Every structure is written in structure tokens, then in C-alpha cells.
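Take a look at the structure set out below.
Protein chains: 2
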Amino acid sequence: MDQKNCDTIIADYERIFHPQKLAIVGVSEEGTGFGSGMFNALQAMGFEGEIFPVNPKGGEFSGTDIYRQIEDIPVRLDFAIICVTAKAVPDVLEACRKNGAAGAEILSAGFSELGTAEGIELEKKIRQIAAKGIRVVGPNCFGIYCPRSRLTLLPGPDLSRRSGPVAFLSQSGGMAIDFAHKGKWMGIGFSKVVSFGNGADLRETELLRYLARDPETRIITMYIEGIKDGDSFFREIKAASYSKPVIVCKGGLSPAGQRMVVSHTASMGGSRVIWQSVLTQVNAIQVQDLEELVEASLAFSLLPEKVFKAISVVGGGGALGVTACDAAEAFGIEIPPLSADLQTRIGELLPKPGSSALNPIDVANPFVSPKVLKEILRNTAQDDRIDLQIIISLLYHYKTIARALGKPVAEVAPYRELAETIRDVMKETGKPIVVVLANPKRGVDDLDIIEMLALARREFLDRGLPVFDELHEAIRAIGHVNSYYGRRKAENE
Amino acid sequence: MDQKNCDTIIADYERIFHPQKLAIVGVSEEGTGFGSGMFNALQAMGFEGEIFPVNPKGGEFSGTDIYRQIEDIPVRLDFAIICVTAKAVPDVLEACRKNGAAGAEILSAGFSELGTAEGIELEKKIRQIAAKGIRVVGPNCFGIYCPRSRLTLLPGPDLSRRSGPVAFLSQSGGMAIDFAHKGKWMGIGFSKVVSFGNGADLRETELLRYLARDPETRIITMYIEGIKDGDSFFREIKAASYSKPVIVCKGGLSPAGQRMVVSHTASMGGSRVIWQSVLTQVNAIQVQDLEELVEASLAFSLLPEKVFKAISVVGGGGALGVTACDAAEAFGIEIPPLSADLQTRIGELLPKPGSSALNPIDVANPFVSPKVLKEILRNTAQDDRIDLQIIISLLYHYKTIARALGKPVAEVAPYRELAETIRDVMKETGKPIVVVLANPKRGVDDLDIIEMLALARREFLDRGLPVFDELHEAIRAIGHVNSYYGRRKAENE
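Protein sequences appear in the order of chains R and F. The opening residue of the first sequence carries number 566 in this note's numbering; numbering runs sequentially from there. The opening residue of the second sequence carries number 566 in this note's numbering; numbering runs sequentially from there.
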């Protein structure tokens, strides 16, 4: 495509993701249905553009006049959210196109996913209208979430308002909303989330091409089932992955899962082995499920762009040394024993007995103060081989002390001090630190621990420290960062 | 061993796990140290036997006179908990033996794990005393947890008082206490948990032989690093697994992890591949980490002893159909599409649009009532191929309704009704039902959801329904049940 075309396309995407004039078609005065829900959700999110609700019956909703049809709206729209019955969609979409809207998301279901002749025909009409000059997300999707413009997914009035570097593309609306919710407390900031459903117009390949060029997006993630054109899809991943990581969760890799991928388009089949091999060739990061996707996104969001060959682990808990080494080895990471000199210095800081200064450094006692932990981390960082440190925090143990003092555990556990301490060491040493917030106690008697740890997680994240629930999850996520930058470096050499 | 010997051994174990007369050596009047902690923990747990605290300084602790030495105790002890410095241990142990105690647990560290000549010599002395006629757990361990007698692990005053079918053997004390805590809210009842540390006397093989015969234990689980005698160990697993499942988490399977296994005894090395192959031969269930161990234990605890070839999945959430089929296929389980007749009947119960009655059954709307879910589950069970049902509960969505009503979500979400409903269907149909309690929201704003789900989990567990956090975890656990009973059946044929 030539430069002019390219500029127009980028400008169109800008109008789609950050609309100033937005129509919602299917807002009823009674407030029922998806359209009204979206209106409310956008207001709750603090959407600052102008919203034009539309319904043939007219009336008023939430203090705003409802237009009877798109044709009555006196301005050029940037974007439209369409939530009317499937049959009514083509006419509405055509009206949006004539208005000059850059794009529309169609939340309505009832198209090719039904497998009926009528549904397939309706979707074909959408594709034809799109081809005449309006970009379409959907149908049968949850739409776009963009924290900067406050566009939100169906039904999300409670998604984070904070932008970040992670974009997510998903055929499945459920995956999109689940990732958006998990990301909120796990510390993932999103640039754009697009649930594209049936993908009648915009889908994986074209959106990927856009995200590769999008300065707001530093990490591209996706959940895909079927793809439309394997060759161009993998070409786009390869092109994108020269400049930013592309994390892929592929659903339907089992024969049974494959059969479930109701594939209205010419979808690429292929076994697990083929997918894995092709994704590796294009330097995509492969994850098995949403949890691994969120964890990998967190690591790519907060860690420097490099390979972490060797790490230290400081903490405690069940079989720390063996568990850490098993996990690290599985992902090609070393946990080198520290020099005798460092072991002596760290050993002097550790409580006796039961501690170990070898690496993993087992502090043995969960009440070792942030001050002492700081000294341990500072010393460990002096080993030139160590690229990154993991600290396993056993803050949940403070409930014992809180109980003895008759105070809430959130008051007693020194999580803020710990977060500050770790951030200080990270700055001073220039080596990233990853936090594991262990908690074996999650029953009704221990909700206070859960609350304290949720607060602690926020303090860590606010200081740029990634937090994981389990050590092996942290190590797996670091392993993904290593694979990606290792391969990218090899390609560039 | 002959019958008489065998009876004596069983009687000794009875005195060890359910002691009536118990000494704690190392209880100080000031209340510091492990001994005093154990005294308090046993009282908190409601230990009903008689406790004899011991300390050379004498005095009084918590209203009980402290004996200056074991020799002064006027009764025959069943068991002793020893928490004195390593050097003092042999004399104390010998005094316990002379008293006639059946066994002792040595919580003290400072033995062969140090790798020093002195530590190795001290442990040798312990072994020699044990050989003269007292069974020893430890040293360098967290001891025994037995809910029926209320013996508890270091430092566990807050472990469950409820007995159950699961026994756990662990070299690592940290793993033992973590499993005990996780088990408490995950619904695992324990018969006996033994953290045996350095295993100077009692360790994996002999304890396994005992547990295989223990009527209180229906499921044997273990975390092991090094083993002392591979041949007899695997022979005992094979013998035990004819009558009960043996679940093994082997730490140190990586070369680095293996190096961490500080192996004071002749420990069996061997790669991952060798271990996996041998464990499969003896029909042990292999798990990778503590989470998988807890989940497998839960499935074996609550599911009938059989193979579940085909299952149904009822629920919703991101990409349900594809995700469920991918997970099921990975563990050799089928999710067969229901007959057209059943699909029609179930389809009539489901909200439109977006639902699917195929299997997985996607209810599309999270607010489908327990009554309707009951009818769906009853219909699904009519398919003769279905051996087990999984229901994915999306109770967390009720926060939206709770907010609209201005009520707490724990009041609004119908979790008790749902638990009763599911239990009723299970009874009526004779097919087990497994619950997945999904929750993508775990931030500081959603602690009320976490609380509601913790309450819900308890209601499900109280009715014998296993609960998992994620669908793939539930399916993996069912897969373990299938592998075990499948192989056992094949062996018996």
C-alpha cells in the first residue's frame, strides 16, 4: 500500500479506537438490552466523546434524546456500536457508511455462527457493505475495549481506565472480557482489546498488521481458533515479531477442539505439532491457556527487553531449593550457587538454623524484616552472573503476629515497606526483581490474608514489580521473555 | 514379618499417631522456641491426651508443671516431641526409649543436612538408638499431623480438625504444612501427614507399607526427593496401589534439582524419563507440583472408584466449547455431542441467543437459575454415555445484580440453592458432578466476590461436590482418576 493509503487507514483506525462522535444503535427508552447497557457502561467508564443513541421508537435515555435513525444524526460519526436484531443490521450498517463513519462494531448474534442459510447470507451482506468503505468489528462479538478512549467491551462498566502496552485480539468475546478482568488486578495495562467474533471484515491478520505499527502497543497477544489465510497471518506475525513480542494462545489444537471451531471461513486446520513448529519459526510466544497468557503479558510488560540467563531466588516455603531448580531448568534458566564469599556475607544476615545462602537463598523464617531482605538482595545482585532476582514473599505468615497483637493483618504485615525496599534495590542494582506472593490459605477464615495480599500486590505493581502467585509461573513467564529475545537476537545477528 | 511382629508394629504406630501420653521436650517457661509453640498449638487444636512438658530448668508453662527430664515422668509415654539443640537430642531420645515410648519426632535441625562430620555423627547416634526400639520421625522435620488425635505440624495451630481419607508423606516440612493449609479450604481431609525430614529411621518405604494397611487412609500421597532403596520403595508402591491410589510428586527431576537434593543416604538418582517409566509400571499417579497434588487428591477423595470415559460440561465463559474439548482430549476423555433429541429438550431450557446444547452446553447467560440448571443437568445425565458432569458456575457475575439492588453479593448469589440443586441431581442420576468456580476478578475492588465464592466452595464441599478453580484443572484431576482405575482394572483382568 502507498503512503497516502496507509495514512488514511491509520486515520480510520484512530477514529475507530478513539471516537469523538459515537452512535449506539439499539438503545431503548426502557433501558433493556445490550444497547442501553453499552450506553451506561460507556458513561460509567467516563467516555468523553459525544454519544448518539438510536432507536426507531425515539424517546429519551439517561437525559439524551434518542435518534430514530442514523440518517437523522447531524454530524459525521467516527464509530457506531450496533446492537439490533441480525436482520436489521445491514441497513443500519449501510446508513453508518453513508454517514461517513470510519467503522462499526456489531454486537448482535445471528449470523454465520448459526450455520443457517439466512445467517450466512446476512453476514455476506455485511462483508459487501464493509468492502464499500466502512470497517467492521464482528458480528457476534463483544466489541472494542480501549482504556484511553474509554470504549469498553460488552458488558464491562468495571474495566480498568488505565492504558498500557498490551493489545489483545480474540475471536472469543468471553476470552476478551476474562483477560480484561484478570489483567486489571494482575497489573496488565491494555492499549486495545478487540473481540472480533465472526470476523466478517476485520480479523486477526489485518488487526495484527495495524498493531505492529501502533505506537501505543508494545506487546501483541491473541486468542485464535480458526484463521482465514495462514500464509499472510504467519507473515504478519513474523514481521511484527521483529519489533514486538506476539503471544499466541491457539484454541482447538486437539481433534475434538478443532471440530468445535465452527469455521465459517476457509479456516486453517493443522495439528498441534504443525502449529507449534510454524509459530516457533515466526518467533511467536505460544501459551496454553489464559492464565499463561496473562502471566507472559505481565513479564513482557514489566521486564527489560533481554535474556535472563541466570537468576537468584530469595525466599522460603516448601522445598524451595529443589522446586526452584526444577522449574528453572525446565525453562533453560540457571540458578547458580553463589560464590563462597557472597555466601558468607549473606549467611551472616540469615537467621539460624534452617537457612541457606547457596541460591536459592532460603531465609527459613518468614519474619525476616524488609531491611534484612534488602541487604540480602543487594549482596546477591553483586554476583555478575545474576541477571534477575525473584523474591518469594511469605507475608501471609504475619497473620500469626496480627492475631497475637489483636490487630488486622493488613496493618501488621510490612508490605508497603517491602515494596519500597525491593524497588530501591532494583533501582540501585539495575537488575529486575520479580515477586511471588505465596498464599496457601484461601478459606473463609483467611479472607483477611487475601485482602492484605491484594493490597500488597497493588503496592508492588505500582512500583513496576511483576507479581505472580506461584514460583513456577514466574519462572515460566521469564522463560517466554528469554525465548523471544533470544530468538530475535539470533535473527538480527 | 510374622503376625505377632506385625500386630506389635501396628500397635506402636497407633501409639505414635494417637498418643495418650505425650512429652514435649524443650518447653521453656518463657514460652519461646518450638517446644512452647508446639505446646500451644496442641492445646489450640484440642489435643485430648496428657502432655508432659520437659526442660532442665523446670518451672511451669501454661498451668502445667515442667519436668526437668524424661526420667522424672511417672508414666509410660506413647510419643515424644523433641525440640532441643541437636547435641542434646541423643540423650533425650535414649531416655524416651528407656521410658518405653513407642516413638518420637525430632523437630531439631543440625544433623546430616549440614553435611558436617558432627551432624552426620549425631544422626548416626539417633539411628542406633532407634534400632534398639523406638521409632523416630525426623530429625529436621515438621513432625506429624493427625486430625483425629489432634497432633499437629510445626507451627500449625490452625490446621483442620476434620479427619479424612488422604495421607501425605513428605521429606520437606514446608510441603507438608503447605498441603495441610491448602487442603483445609480445598476440601481435603487428612488421615495422617508425616514430615519426616532427614528420615534417620522412619521414611518413605516403611511409612508407605504402614499406610497401605491403615484403614483410615484411602489415598496415599507423597512428596519425595531422594529415596533410600529404590527396589523396595517401588515394590511397596506396587503393593499399595492394588488397593489404594498412590500419588507421587517427585522433586529434583532436573539435573539442577537433583544436585539440590542433599542426599545423606544412598539416594536413587535417575532422570525424569526413568522415574516416569518406573512410576507408571507400579501404577503410581505422577503430579508435577503441589497444586496438581491437591487437585488429584480432591478428585480421588470425592469421586467414585471408576473410569469416566465421557463427560458433559455445562456452563459458560471464554471459548467454553473449544477449551473444554482441548483439555478433555489431552487426558483421553470424551465430550460427546448429545443426541438430537436431548439437544432439542435442553435447547428449549436455554436462553437465546448465544447458547448451545451440543455438549459442552453453553448457557450463554450467567443468571440462568439453579432450577433451570437442574433440568439441564437431569437431561444431560440421560445420555447413557455420560459418566460424569462438570458444571462451570459463573456466580461472580451476581455482583452486577447485587450492586443494582444495593445488597452484598453473598446475599444475592444463589450459591446454597445451587449446591443443593447439584447435590440433588447427583443423587437422583447417580452420576458424579464436579464444580468449577470460575473467577477472573480478584482485585481489591472484588474482595466481596472472593468471600462469596469461599462460602460457596464450602457449601459445595459440604455436599460432597469437588470444586476446582479452572476447568482444565478439573479435567486433569479426573484424568488421574481414570489412569489409575484404568490400569488397576487391566491388572486385575
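Beta carbons: idealized from backbone N, C-alpha and C, even for Gly. As the structure is a prediction and not an experimental result, all values here were calculated from the model.
At least 7 Å separates the CB of residue 677/F from every CB of chain R. Ranked by how close their Cα comes to the Cα of residue 1027/F, the residues 1008/F, 980/F, 1054/F have 980/F in first place. Of all residues in the segment 886-900 of chain F, only 886, 887, 888, 889, 890, 891, 892, 893, 894, 895, 899, 900 come within less than 9 Å of chain R when Cβ atoms are compared, listed by chain position. By a beta-carbon distance limit of 8 Å, residue 600/R does not contact residue 614/R. Their separation comes to about 17 Å. Excluding five sequence positions before and after residue 667/F, the CB atoms of its chain that fall closer than 6 Å to its own CB belong to 577, 580, 581, 643, given in chain order. The beta-carbon of residue 1007/R is placed less than 7 Å from the nearest beta-carbon of chain F. According to DSSP, residue pairing for residue 734/R in a beta bridge involves 759/R, 787/R. The contact set of residue 739/F on chain R, defined by CB atoms closer than 8 Å, consists of 881, 882, 883, 884, 885 in chain order. If you check the CB distance, residue 705/R and residue 678/R come in under 7 Å. Distance from the Cα of residue 689/R is smallest, within the candidate group 710/R, 672/R, 708/R, 652/R, for 652/R.
Ranked by Cα distance from residue 1040/F, the first of 617/F, 998/F, 1008/F is 998/F.
Residue environment for residue 782/F: buried (at least 16 other C-beta atoms within 10 angstroms of its C-beta). Using beta-carbon distances, residue 591/F does not count as an interface residue toward chain R, since no partner is under 7 Å.
Note on geometry: alpha-carbon atoms of residue 767/R and residue 1048/R lie some 30 Å from one another. For residue 954/R, the enclosing beta strand (DSSP E) begins and ends at 953-958.
Residue pairing by DSSP places residue 630/R opposite 625/R in a beta bridge. Sorting 759/F, 657/F, 732/F, 745/F by C-alpha distance to the C-alpha of residue 703/F places 759/F at the top.
Cα atoms of residue 921/R and residue 928/R: separation of roughly 7 Å, rounded to the nearest angstrom. According to DSSP, residue 927/F shares a beta bridge with 880/F, 921/F.
Distances from the CA of residue 871/R to each of 619/R, 612/R, 739/R, 1055/R were compared; the closest alpha carbon is that of 1055/R.
Residues of chain R whose Cβ lies closer than 7 Å to the Cβ of residue 817/F are, in chain order, 887, 891.
Between the segment 1020-1034 of chain R and the segment 768-777 of chain F, the count of C-beta pairs closer than 8 Å stays below three; the two stretches do not touch. For residue 711/F, the secondary structure class from DSSP, reduced to helix, strand or coil, is strand. Using a Cβ distance threshold of 7 Å, residue 855/F and residue 743/F count as a contacting pair. When C-beta atoms of the segment 737-754 of chain R are compared with those of the segment 890-905 of chain F, fewer than three pairs fall below 8 Å, so the two segments do not count as touching. Around the C-beta of residue 808/R, fewer than 16 other C-beta atoms lie within 10 Å, and the residue is accordingly described as exposed.
For residue 851/R, the uninterrupted beta strand (DSSP E) segment begins and ends at 850-852.
The Cβ neighbour count for residue 570/R, taken over all protein chains shown within 10 Å, is under 16; the residue is labelled exposed. Judged by their CB atoms, residue 631/F and residue 621/F are not nearer to each other than the 7 Å cut-off.
For residue 932/F, the number of other beta carbons within 10 angstroms of its own is below 16, and it is reported as exposed.
Assigned with DSSP and collapsed to three states, residue 866/R falls in helix. Within 7 Å of the CB of residue 630/R, no CB atom of chain F is found; the nearest one sits about 25 Å away. Below 8 Å, enough C-beta pairs join the segment 1000-1016 of chain F and the segment 970-986 of chain F to call them touching: three or more. In the DSSP assignment, residue 1019/R falls within the alpha helix (DSSP H) that extends over 1012-1027.
Taken in chain order, the members of the segment 913-935 of chain R whose beta-carbon sits within less than 7 Å of a beta-carbon on chain F are 918, 919.
Within its own chain, the residues whose Cβ lies closer than 7 Å to the Cβ of residue 840/R, once the five positions on either side in sequence are excluded, are 815, 818, listed in chain order.
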